[in-house]
Amino acid sequence: MLCLDLNTSLMKINRYILLSMTMFCGMYLATAQDLLEILDKELPDTPQYTQATFKANRITFGQSVETRKKGTLEIMLGTKYWNRAESSRRSFASDLFTARIGLEYAFTDRFTFGAGVTSFDGIINGLAKYRLVRQRDDTNKSPISITLFQSTSFLTRSYGKIVLPEDSSDRFNYVSKVIFARKFDRNFSLQLSPTYIHANSRQLNYETNDFFAMGFAGRYKLSNHVSLASEYHYVAGRDEGLQGYNSFGLGVNWEVSDLILQFSLTNAVSFDEAGTILFGPENFNFQDGALHIGVSATYIFHLKKQKLRKD
Amino acid sequence: MNTIIALIFSFTCFCAFSQDKIIARQGQVSFFSYTSVENIEAANNQVLSIIDLSNGDIAVSMLMRAFVFKKALMEEHFNESYVESDLYPKLEFEGEIVDFEIDATTAQTKMVKGKMTLHGVTREVEVKAQIEPIENAYVLSGEFDVGVSEYEINVPPLLRPNIAKVINVMFRFEYEPYENQ
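Residue numbers (the working numbering), protein chains in the order written: chain A, 1 to 311; chain B, 1001 to 1181.
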């Protein structure tokens, strides 16, 4: 009886030793696990929004999906140079010149408000942009960015074929856009923007005040600081020609610290959305009167500095 | 009686092994670039680090995207044009604390030796660190210099005056016992 009892207790001890041995081995294996692998599981899961779908608020002259971070002021000085179509004499550089000075301020990471004035066409415009959806790098749940855009512009003089309306309330134009964009990989982004335009005056023999247009734009990154950008706006329901031409732009963006330089070739004379999309006087070609060479400089001021540490 | 001893043995065994790692989840790493043109400062407050107390092995991992700059645009440039965080999202370090004294009750200064991977480049590094015991864990801190060109980070000629060739990095990790759950 005693012998049997001893035997069972020995077996019990054996069982516990075996158990502790397995546990020991198990723990040993766990410690031998790569320390970096443990850290991989602990990585913070804060959302990572896709950066730099486009490099600036504008692609060449049209709006991009981008807005700036909170507290950022963008000052844009845009110029365009072109020759008169019927000009017989040759000026040294170019016959005509237009410049726009514009300010855009980001009140929040999502909301930007801006205004500007242009010299040649005398258009004053104001714009608001709201980032509705931001593409994310860390999940597939948000594969595109969506930005809402609204601008109002005011004609102050006649230019080209555009006639200044008598009644000042007829001088307003409104442009609404929903901008969809996706950065497909680190070099390539595409943008699609359904656009609605309401012009209070009927320019260029238009039979309506309301227009629908579709904007197409792309960016291709050539190097870490230089990218190629292009855009096209198609306006539905008009005779392209006498009633204006669809606008096209091809540009190079060069980024130097806080300054972005944009060089472009385009047939659009204006900087304002209604002006560029609807009132294009010439088709895109390399002849005098049609080809506009754009040089824009955008400088970015950080009026509010981000906090480096939470305190 | 024997059963109890075996139980205690296995239990202490378990405790010893679950206690021998310490982790820092909100480690701080900041870097500074001083030039006559501009001073650039950035901080990452979500750095992970783990130490295996049994042998002094240490690992550090951080997301480059978690660095915060005073200027938001700099953050974008840092990620897009310099460290290219879309291709190389993490900085990782794996190595050991040389002659780590687990029983020390006062601060000790030790060399930390190992391999650091940044921007896809792995290099042997040696960093002097201060290790200070606090309530059932440690604080590890120190600073070191990183050469921008050592990690194949390209700075365009036009911006060379703005970015220092050697970046000063400071770190501070506060550890707590690592629960293996």
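Built from N, CA and C at the ideal position, the CB exists for glycine as well.
Note that this is a predicted model, so its numbers are computed, not measured.
Exercise. At what residue ranges does the stretch 1130 to 1174 of chain B contain a whole run of the beta strand (DSSP E), taking only runs of 3 or more?
Worked result: For the stretch 1130 to 1174 of chain B, whole beta strand (DSSP E) runs of length 3 or above, ordered along the chain, are 1137 to 1147, 1166 to 1174.
Exercise. Do residue 1124 of chain B and residue 1110 of chain B come within 9 Å of each other at the CB atom, strictly closer than that value?
Worked result: Numbered from its first residue, the second sequence carries residue 1110 of chain B at position 110. Numbered from its first residue, the second sequence carries residue 1124 of chain B at position 124. With contacts defined as CB atoms closer than 9 Å, residue 1110 of chain B and residue 1124 of chain B fail to qualify as a contacting pair.
Exercise. Is the shortest distance between the beta-carbon of residue 1145 of chain B and the beta-carbons of chain A less than 9 Å?
Worked result: Position 145 of the second sequence, counted from the start, is the residue given in the question as residue 1145 of chain B. Judged by the 9 Å Cβ criterion, residue 1145 of chain B is not in contact with chain A.
Exercise. Considering only C-alpha positions, which residue in the set A:77, A:203, A:209, A:192 is nearest to residue 215 of chain A?
Worked result: Taking the first residue of the first sequence as 1, we reach residue 215 of chain A at position 215. Among A:77, A:203, A:209, A:192, the Cα nearest to that of residue 215 of chain A belongs to A:192.
For this session: Give the C-beta separation of residue 1132 of chain B and residue 1022 of chain B to the nearest angstrom, bearing in mind that I take them to be a contact with Cβ-Cβ under 8 Å.
Result: Counting from 1 along the second sequence, the entry for residue 1132 of chain B is found at position 132. Counting from 1 along the second sequence, the entry for residue 1022 of chain B is found at position 22. Incorrect: roughly 13 Å between the Cβ atoms, too far for contact.
For this session: Could you tell me whether the stretch 129 to 146 of chain A touches the stretch 173 to 182 of chain A, where touching means 3 or more Cβ pairs closer than 8 Å?
Result: A contact exists between the stretch 129 to 146 of chain A and the stretch 173 to 182 of chain A.
For this session: Please name the residue or residues paired with residue 135 of chain A in a DSSP beta bridge.
Result: Position 135 of the first sequence holds residue 135 of chain A. Per DSSP, none; premise fails for residue 135 of chain A.
Exercise. Which residues in chain B sit within 8 Å of residue 64 of chain A, going by Cβ to Cβ distance?
Worked result: Looking up residue 64 of chain A in the first sequence gives position 64. Those do not exist, as residue 64 of chain A stays about 14 Å from chain B at its closest Cβ, beyond 8 Å.
Problem set entry | Cut-off 7 Å between Cβ atoms - residues of its own chain near residue 1056 of chain B, not counting five sequence neighbours on either side | Along the second sequence, one-based indexing puts residue 1056 of chain B at 56. 1096, 1097, 1100, listed in sequence order.
Problem set entry | Inter-residue CB distance, residue 281 of chain A and residue 244 of chain A (contact presumed, cutoff 8 Å) | Position 281 of the first sequence, counted from the start, is the residue given in the question as residue 281 of chain A. Position 244 of the first sequence, counted from the start, is the residue given in the question as residue 244 of chain A. Confirmed, Cβ separation roughly 7 Å.
Problem set entry | Cβ distance (whole Å) where residue 1030 of chain B is taken to contact residue 1170 of chain B below 8 Å | Sequence index remark: in the second sequence, residue 1030 of chain B carries index 30 (1-based). Sequence index remark: in the second sequence, residue 1170 of chain B carries index 170 (1-based). About 5 Å separates the two Cβ atoms, so the contact holds.
Problem set entry | Stretch-stretch touch, CB-based, cutoff 8 Å, three pairs: the stretch 122 to 137 of chain A with the stretch 148 to 161 of chain A | Cβ pair count under 8 Å is three or more, so yes.
Exercise. Considering only residues of the same chain and omitting the five flanking positions on each side of residue 221 of chain A, which have a CB-CB separation below 6 Å?
Worked result: Within the first sequence, numbered from 1, the residue matching residue 221 of chain A stands at position 221. 187, 227.
Problem set entry | DSSP-derived helix/strand/coil call for residue 240 of chain A | For the purposes of this step, residue 240 of chain A is taken as the residue at position 240 of the first sequence. When DSSP states are grouped into helix, strand and coil, residue 240 of chain A belongs to the coil group.
Exercise. Closer than 8 Å: is that where the CB of residue 1152 of chain B sits relative to any heavy atom of the ligand ADP?
Worked result: The ligand ADP is not part of the structure shown, which contains no ligands of any sort.
Exercise. If we ignore side chains and look at the alpha-carbon of each, how far apart do residue 1068 of chain B and residue 302 of chain A end up?
Worked result: Counting from 1 along the second sequence, the entry for residue 1068 of chain B is found at position 68. Counting from 1 along the first sequence, the entry for residue 302 of chain A is found at position 302. Residue 1068 of chain B and residue 302 of chain A have their C-alpha atoms roughly 14 Å apart.
For this session: Taking residue 142 of chain A as the reference, give the member of A:112, A:207, A:183 with the closest Cα.
Result: Your numbering for residue 142 of chain A matches position 142 in the first sequence. The residue with the shortest Cα to Cα distance from residue 142 of chain A is A:183.
For this session: Write down the C-beta distance between residue 297 of chain A and residue 73 of chain A rounded to the nearest angstrom, noting that I regard them as a contact closer than 8 Å.
Result: Looking up residue 297 of chain A in the first sequence gives position 297. Looking up residue 73 of chain A in the first sequence gives position 73. The beta-carbon separation of residue 297 of chain A and residue 73 of chain A, rounded to 14 Å, does not stay under the 8 Å limit for a contact.
For this session: Can you say whether residue 56 of chain A is buried or exposed, counting buried as having 16 or more other CB atoms within 10 angstroms of its CB?
Result: As a position in the first sequence, residue 56 of chain A is number 56, starting the count at 1. When all chains shown are included, residue 56 of chain A counts as buried.
Exercise. So, do the stretch 45 to 62 of chain A and the stretch 260 to 279 of chain A have three or more beta carbon pairs nearer to each other than 8 Å?
Worked result: Judged by pairs of C-beta atoms under 8 Å, the stretch 45 to 62 of chain A touches the stretch 260 to 279 of chain A, as three or more such pairs exist.
Problem set entry | Residue ranges of each alpha helix (DSSP H) within the stretch 232 to 296 of chain A, 4 or longer | If we require 4 residues or more, the alpha helix (DSSP H) runs fully inside the stretch 232 to 296 of chain A come out as 273 to 278.
Exercise. Just by C-beta distance, which residues in the stretch 207 to 226 of chain A are closer than 8 Å to chain B?
Worked result: Going along the stretch 207 to 226 of chain A in chain order, one finds 224, 225 with a Cβ nearer than 8 Å to chain B.
Problem set entry | Partner residues on chain B for residue 256 of chain A, Cβ-Cβ distance less than 9 Å | Position 256 of the first sequence, counting from 1, holds the residue named residue 256 of chain A. What residue 256 of chain A touches in chain B: 1156, 1158, 1159.
For this session: In angstroms with no decimal places, state the Cα-to-Cα distance between residue 75 of chain A and residue 114 of chain A.
Result: Start at 1 with the first residue of the first sequence, and residue 75 of chain A comes out as number 75. Start at 1 with the first residue of the first sequence, and residue 114 of chain A comes out as number 114. It is roughly 10 Å from the alpha-carbon of residue 75 of chain A to the alpha-carbon of residue 114 of chain A.
Problem set entry | Opposing strand residues paired with residue 215 of chain A [DSSP bridges] | Locating residue 215 of chain A in the first sequence gives position 215, where the first residue counts as 1. According to DSSP, residue pairing for residue 215 of chain A in a beta bridge involves A:193, A:233.
For this session: In the DSSP assignment, find the beta strand (DSSP E) that holds residue 74 of chain A and state where it starts and stops.
Result: Residue numbering aside, residue 74 of chain A sits at position 74 when the first sequence is read from its first letter. Start and end: 72 to 82.
Exercise. Just by C-beta distance, which residues in the stretch 1092 to 1103 of chain B are closer than 8 Å to chain A?
Worked result: Residues 1092, 1094.
Exercise. Does the beta-carbon distance from residue 1081 of chain B to residue 83 of chain A come in below 9 Å?
Worked result: Taking the second sequence and counting its residues from 1, the one referred to as residue 1081 of chain B is at position 81. Taking the first sequence and counting its residues from 1, the one referred to as residue 83 of chain A is at position 83. No, they are not a contact pair.
Problem set entry | Test: residue 1063 of chain B CB closer than 9 Å to a CB of chain A | By one-based count along the second sequence, residue 1063 of chain B stands at place 63. It does: the Cβ of residue 1063 of chain B has a partner Cβ on chain A nearer than 9 Å.
Exercise. Can the beta-carbon of residue 300 of chain A be found closer than 9 Å to that of residue 197 of chain A?
Worked result: Here residue 300 of chain A refers to the residue found at position 300 when the first sequence is read from its first residue. Here residue 197 of chain A refers to the residue found at position 197 when the first sequence is read from its first residue. Cβ atoms of residue 300 of chain A and residue 197 of chain A: not closer than 9 Å.
For this session: Check whether the Cβ of residue 44 of chain A lies closer than 9 Å to any Cβ atom in chain B.
Result: Translated into the one-based positions of the first sequence, residue 44 of chain A becomes position 44. By this cut-off, residue 44 of chain A is an interface position.
Problem set entry | Pairwise C-alpha distance: residue 1035 of chain B and residue 1167 of chain B | Residue 1167 of chain B sits at position 167 when you count from the first residue of the second sequence. Residue 1035 of chain B sits at position 35 when you count from the first residue of the second sequence. Going by the C-alpha atoms only, they are around 10 Å apart.
Exercise. Going by C-alpha distance, which of A:40, A:80, A:175 is nearest residue 268 of chain A?
Worked result: For the purposes of this step, residue 268 of chain A is taken as the residue at position 268 of the first sequence. Measuring from the Cα of residue 268 of chain A, the nearest candidate turns out to be A:80.
Problem set entry | residue 37 of chain A in three-state terms, based on DSSP | Start at 1 with the first residue of the first sequence, and residue 37 of chain A comes out as number 37. It is helical.
For this session: Would you give the residue range spanned by the alpha helix (DSSP H) that residue 1073 of chain B belongs to?
Result: Within the second sequence, numbered from 1, the residue matching residue 1073 of chain B stands at position 73. If you look at residue 1073 of chain B, you'll find it in the alpha helix (DSSP H) that goes 1072 to 1077.
Problem set entry | Cross-chain neighbours of residue 1174 of chain B in chain A, by beta carbon under 8 Å | Position 174 of the second sequence holds residue 1174 of chain B. In chain order: nothing, as chain A lies at least about 14 Å away.
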